[in-house]
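For the protein sequence lines, the chains are A and B, in the order given. 0 is the number of the first residue of the first sequence in numbering that gives the first Met the number 0; add one for each residue after it. 0 is the number of the first residue of the second sequence in numbering that gives the first Met the number 0; add one for each residue after it. Below is one structure, written out as structure tokens, with a few remarks after it.
There are 2 protein chains.
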Amino acid sequence: MAQTTSSTAKRYETYKGKMQQIADIRNAIAVLSWDQETYLPEKGAAFRGQQITSLSTIAHELFTSAELGTLLESLDNDRQTLDTVAAKNITLSLEDYRKNAKYPASFVAELSKTTNECYHAWINARKEGNYSVFEPVLAKMVALKKQEADILGYEGHPYNTLLNEYEKGANTAMLDTVFNDVKTALTPLLRSIEQKPQVNKAFLHLRYERDRQWNFGIQLLKAMGYDMAAGRQDISEHPFTTSFSPQDVRVTTRIDENDFGNMTWSCIHEGGHALYEQGLDPESYGLPSGEATSLGIHESQSRLWENNVGRSLTFWEYHYPQLQQLFPENLGNVQLRDFYKAINLVQPSLIRTEADELTYHFHVMVRYEIEKGLLDGTYHTKDLREVWNNYYKEFLHVTVPSDTQGVLQDIHWSHGSFGYFPTYSLGSFYAAQFFTAAQQQLPGLDAQITSGDYTALLGWLRQQVHRHGRSFTSNELCEKITGEPLNFKYFLHYATQKFGDIYGL
Amino acid sequence: MAQTTSSTAKRYETYKGKMQQIADIRNAIAVLSWDQETYLPEKGAAFRGQQITSLSTIAHELFTSAELGTLLESLDNDRQTLDTVAAKNITLSLEDYRKNAKYPASFVAELSKTTNECYHAWINARKEGNYSVFEPVLAKMVALKKQEADILGYEGHPYNTLLNEYEKGANTAMLDTVFNDVKTALTPLLRSIEQKPQVNKAFLHLRYERDRQWNFGIQLLKAMGYDMAAGRQDISEHPFTTSFSPQDVRVTTRIDENDFGNMTWSCIHEGGHALYEQGLDPESYGLPSGEATSLGIHESQSRLWENNVGRSLTFWEYHYPQLQQLFPENLGNVQLRDFYKAINLVQPSLIRTEADELTYHFHVMVRYEIEKGLLDGTYHTKDLREVWNNYYKEFLHVTVPSDTQGVLQDIHWSHGSFGYFPTYSLGSFYAAQFFTAAQQQLPGLDAQITSGDYTALLGWLRQQVHRHGRSFTSNELCEKITGEPLNFKYFLHYATQKFGDIYGL
């Protein structure tokens with residue numbers, strides 16, 4: 000028996016070594032991709048694409064090798080001799096392995112080919128401003144996604160299995176409830192805001208000089224607790240966070256001199272993602288216990304910092320005077336409360352990525368309904384422009400003037416990422432629920448935030464969320480932290496309070 | 000017969016695919032290393048090291064796989080159906096493959112372990128300023144290098160096989176001739192310079208503001224023909240050139256505000272390396288025909304630009320007025336000829352990397368004699384401090400005040416790079432011979448340089464040197480371009496003319 004234990008331990012080490020090697024390759028891909036978005040000279044793109052493909056192929060071969068499968072099965076059989084975290088790692092890796100093994104090579108090749116086509120069709124459609132250019136290839140993609148659901152198998156709705164790629168445990172039953180709450184509870188709030196006179200935010204669009212913006216962003220990142228010795232910020236077209244290990248987690252931002260908010264909330268948002276990655280266990284590098292729980296939980300971290308903290312009055316009580324000192328010409332005569340109102344302006348609009356934190360969820364809901372409908376045949380790609388525009392009319396009260404500002408605005412479908420969008424809203428709702436728990440569990444939190452001190456909050460997030468990796472699903476984690484599953488009421492309460500105050504409802 | 004041809008073509012494509020995949024991994028390693036030297040946050044170093052090791056292991060496994068060996072052997076048997084370049088690629092890849100296959104795994108492991116030890120011993124020895132800390136591990140390294148020579152086999156001197164790692168075809172017979180020329184022909188020149196009053200270079204060490212230096216460096220790189228859409232310059236502690244494909248060749252530099260020359264000649268030197276890499280055939284990516292000929296030829300390109308062009312009066316006739324405009328406070332009253340003298344000052348000194356283009360070769364000669372002597376038993380690591388210091392006394396007339404400024408100054412031996420140093424001198428001598436040929440073959444070259452136009456020169460280098468890759472050895476290439484093998488007389492003529500003029504000999 001002792002011998003079995005020792006042999007299990009040895010095999011577990013072999014498993015760790017293999018997973019770390021695969022992680023090394025995936026992280027190398029991440030470095031190559033980061034470079035692609037930040038510093039790559041233009042002519043380098045073609046060979047860079049080829050280099051990333053080669054590494055991806057190798058990582059895939061290693062992770063789908065029969066050798067790894069046999070090792071995982073044998074460790075799974077001996078799981079009683081492993082500790083809890085190790086046993087969970089084996090369960091998750093075996094799950095990942097079996098899922099990967101289900102895909103026939105022909106399907107993988109077809110999906111890869113179609114994704115490439117689809118992306119280029121989307122680019123061209125946007126150039127021409129015409130959804131019809133995208134539609135035939137999108138139809139092929141949807142057919143493949145239906146096929147993928149069949150290959151992987153599913154319970155209930157075929158969309159569930161795609162959702163689970165991003166958010167394990169999520170399903171249409173849960174999301175129907177959530178987005179029904181959005182519709183029934185947020186719509187009246189939105190309608191009453193629409194009755195009120197709009198707040199002034201013109202001063203946010205004066206000229207905010209580039210270098211001073213940059214310095215302010217770095218100052219915010221440092222204040223949040225982002226470890227600059229284990230990360231860095233650079234400029235890219237679209238802000239993102241990437242991680243090569245918990246000791247090297249990088250963020251990017253962009254600066255628009257006529258839009259103060261653009262860089263500021265990108266820094267705080269990406270900073271939230273980065274704090275999560277910096278908080279993962281370095282000892283678990285390459286293992287499920289060292290990976291983020293899910294996209295929804297990842298997004299909960301970015302949104303908690305961006306919205307619950309970064310758009311709060313308490314946050315700016317500390318940082319606004321600093322900002323006024325940096326930009327006295329723009330903000331010297333603007334009162335804190337007017338600044339606070341401006342950065343929280345609610346106004347239905349066309350573009351998801353520019354939406355405020357209230358109307359944002361209607362944008363997501365539209366995409367959720369469409370994806371679900373495409374998967375079960377309620378909707379067809381041919382009708383998407385109309386479906387899209389009608390939804391926007393009904394819920395956001397806006398008329399979509401062009402496909403580029405409508406059904407063509409997001410890249411996700413062209414990548415075959417169906418099931419991704421809902422995690423954005425889940426992130427906000429988890430964030431509200433987590434932040435409520437933090438406020439209850441951390442006495443004096445508001446006072447700390449007012450004095451620019453986020454140590455306790457970050458410590459709590461590290462302890463409650465970051466360090467667990469994939470050891471719990473998002474549902475499990477939520478119950479563990481807050482004592483109940485995801486409940487929309489926390490977000491509703493937060494939004495009602497905040498916007499009630501701002502708009503005097 | 001037609002079938003054989005077609006099957007050979009097919010196998011050649013398989014070979015190309017495998018080599019490209021290996022190149023993709025090696026280039027990914029290069030990206031990770033570039034990042035390590037330029038942007039890596041300090042805590043990221045440990046995981047980065049591990050990631051590079053993982054990729055190196057995979058590249059090594061792929062290149063030493065039995066499958067590749069069989070493929071290469073079969074293509075080598077059918078070489079008569081391949082075109083010249085393809086046949087040469089197979090010859091070279093098979094040579095590389097067989098050489099790799101000679102190393103027993105135990106030797107590779109021992110060498111890797113000792114290299115690691117040796118590097119750390121060197122770091123520690125430098126900290127303590129004491130060669131004795133380094134000596135015992137260096138002795139182990141030398142023993143391993145002797146063993147390596149036996150494993151690989153050699154003709155004549157055991158050092159030859161190590162030289163061939165960097166410069167195929169080089170041997171002690173050739174280098175003894177070359178360095179004998181250095182001793183017999185350059186020593187009298189150096190001695191007569193030492194009799195002359197020294198030129199003034201104090202103005203090169205006034206304050207040269209960082210950003211203006213940077214802009215000047217970029218301007219020089221562009222003037223040389225470095226394609227900024229297929230490369231970029233960044234800052235690192237030690238300047239270097241790295242290539243991820245001919246479409247993405249990057250250089251780095253460093254800026255010392257009190258040493259104008261530091262950045263300027265690093266830009267021109269690395270620019271010369273980079274032009275070579277940008278001139279390699281992208282169609283031959285991953286194949287020997289797409290790789291640099293040798294280190295000596297690589298260095299010939301950097302030194303031709305750095306010295307024959309970049310330290311010439313003609314070059315500065317064009318660029319000096321620009322420089323004076325950038326730094327009027329330092330150079331406004333300095334005449335071109337005085338500037339030219341200052342940047343060509345000859346003065347025996349302690350540190351190789353800071354040496355002028357004449358005394359430099361004595362530094363290399365010392366290392367060559369020591370390496371050769373260590374390999375054949377003439378010298379022993381225990382005596383190196385004394386041997387080193389005596390050489391410096393005899394040839395450079397300087398007294399070495401400390402090991403750090405003496406026998407511990409270079410990193411190469413700690414890496415196990417024996418046979419590398421001579422390529423530096425070979426580079427200068429090839430450069431002089433090539434540049435003489437260019438002057439003969441390109442009418443009006445001097446006038447073009449005087450007007451800042453390097454198009455014809457770069458075109459000639461592309462055609463004569465860059466595009467051939469490893470299809471010729473350095474000897475073959477030299478004969479092809481200049482009609483004779485490497486001949487020291489071209490460098491001697493160049494140096495005698497130039498320094499005779501500067502010092503009025």
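For glycine and all other residues, C-beta sits at the position ideal for the given N, C-alpha and C.
With which residues is Thr241/B paired in a DSSP beta bridge?
Partner(s): Arg249/B.
Worksheet item: Is the segment 237 to 249 of chain A touching the segment 40 to 59 of chain B, taking contact as three or more C-beta pairs under 8 Å?
Response: yes
In the DSSP assignment, what residue or residues form a beta bridge with Ile234/A?
Thr252/A
Note down, in chain order, every chain B residue with its Cβ under 8 Å from the Cβ of Phe243/A.
Gly43, Phe46, Arg47 and Gln50
Point to revise | Phe505/A in three-state terms, based on DSSP | key: Absent from the structure is residue 505/A, since the part of chain A shown begins at 0 and ends at 504.
ask   = Per DSSP, what kind of secondary structure is Ile24/B in: helix, strand or coil?
value = DSSP places Ile24/B in helix when its eight states are reduced to three.
Check: Leaving out five residues before and five after Met0/A in sequence, what residues of the same chain have Cβ atoms less than 6 Å from its Cβ?
Finding: The predicted model places Met0/A with a pLDDT of 42, which falls under 50 and marks its position as unreliable; any figure quoted below should be read in that light. Cβ neighbours of Met0/A beyond the five flanking positions: none.
* Asked: Could you give the distance in angstroms between the alpha-carbon of Thr113/B and the alpha-carbon of Val136/B?
  -> 7 Å
Margin query: Measuring only the C-alpha atoms, how far is Pro103/A from Tyr284/A?
Written below: 29 Å
**Item:** Neighbour flag for Tyr275/B against chain A, beta carbons, 8 Å
**Value:** no
Practice item. Closer than 8 Å by beta-carbon distance: list the chain A residues that pair up with Asn214/B, in chain order. Key: By Cβ distance, chain A contributes nothing, its closest Cβ being about 18 Å from Asn214/B, past 8 Å.
Exercise for review: Specify the secondary structure class of Glu508/A as computed by DSSP and reduced to three states.
Suggested key: Residue 508/A lies beyond the range of chain A shown here (0 to 504); nothing can be said about it.
Quiz prompt | Anticipated Cβ contact below 8 Å, Ile448/A with Thr313/A, distance rounded | solution = Their Cβ separation, rounded to whole angstroms, is 4 Å, which keeps Ile448/A and Thr313/A in contact under 8 Å.
Using a cut-off of 8 Å between C-beta atoms, extract the partners of Asn26/B located in chain A. Phe46 and Gln50
- Query: For Gln20/B and chain A, any beta-carbon pair shorter than 8 Å?
  - Reply: The beta carbon of Gln20/B sits closer than 8 Å to some beta carbon of chain A.
**Report entry** Assumed close pair Gln432/A, Thr481/A - CB separation to whole angstroms, cut-off 8 Å
**Finding:** 5 Å
Q. Do we get a CB-CB distance below 8 Å when we pair Ile57/B with the residues of chain A?
A. yes
Worksheet entry | Contacts around Phe471/A, its chain only, beta-carbon distance under 7 Å, and the 5 residues preceding and following it disregarded | Thr292 and Lys479
Does chain B have any CB closer than 8 Å to the CB of Gln197/A?
no
Between Gln346/B and His272/B, what straight-line distance do the alpha-carbon atoms span, to the nearest angstrom? 26 Å
Residue burial classification, Lys497/B (beta-carbon count within 10 angstroms, cutoff 16) | buried
- Message: Does the contact criterion of 3 or more C-beta pairs under 8 Å hold for the segment 377 to 387 of chain B versus the segment 145 to 152 of chain B?
- Response: no
Is the CB-CB distance between Glu269/A and Arg253/A below 8 Å? no
Check: Under three-state DSSP, which class holds Val132/B?
Finding: helix
**Item:** Closest residue to Tyr225/B among Gly458/B, Thr176/B, Glu208/B and Gln408/B (Cα-Cα distance)
**Value:** When only C-alpha atoms are compared, the closest one is Gly458/B.
With 8 Å set as the bound, which would you pick, yes or no: does the beta-carbon of Gln408/B sit closer than that to a beta-carbon of chain C?
-> Within the model displayed, chain C is absent; protein chains A and B are what it includes.
| said: Just to confirm the assignment: which complete beta strand (DSSP E) runs, minimum length 3, are found wholly within the segment 152 to 222 of chain A? | reply: none
Problem - Among Arg461/B, Ala455/B, Tyr453/B and Thr422/B, nearest to Asn474/B - alpha-carbon criterion - result: Thr422/B
For this session: Out of Leu219/B, Arg97/B and Thr358/B, point me to the one whose CA is closest to Gly152/B's CA.
Result: Arg97/B
- Using the Cα positions of Glu370/A and Gly415/A, report the straight-line distance between them to the nearest angstrom. Roughly 11 Å separates the two Cα atoms.
Report task. Keeping to the same chain, check which residues put their C-beta closer than 7 Å to that of Ile192/A; ignore five residues upstream and five downstream. Result -> Val345, Phe498 and Tyr502
Can you check which of these residues, Gln50/A, Ala27/A and Gly216/A, is closest to Gly16/B by C-alpha distance? Looking at the Cα atoms, Gln50/A is the closest of the given residues.
| query | Helix, strand or coil: how does DSSP classify Phe259/A here? | reply | Reduced to three states, the DSSP call for Phe259/A is helix.
Tell me, please, whether the CB atom of Met140/A is closer than 8 Å to any CB atom in chain B? no
task: Below 6 Å CB to CB, which residues in the same chain sit around Leu110/B once its five sequence neighbours on both sides are set aside?
output: Leu143
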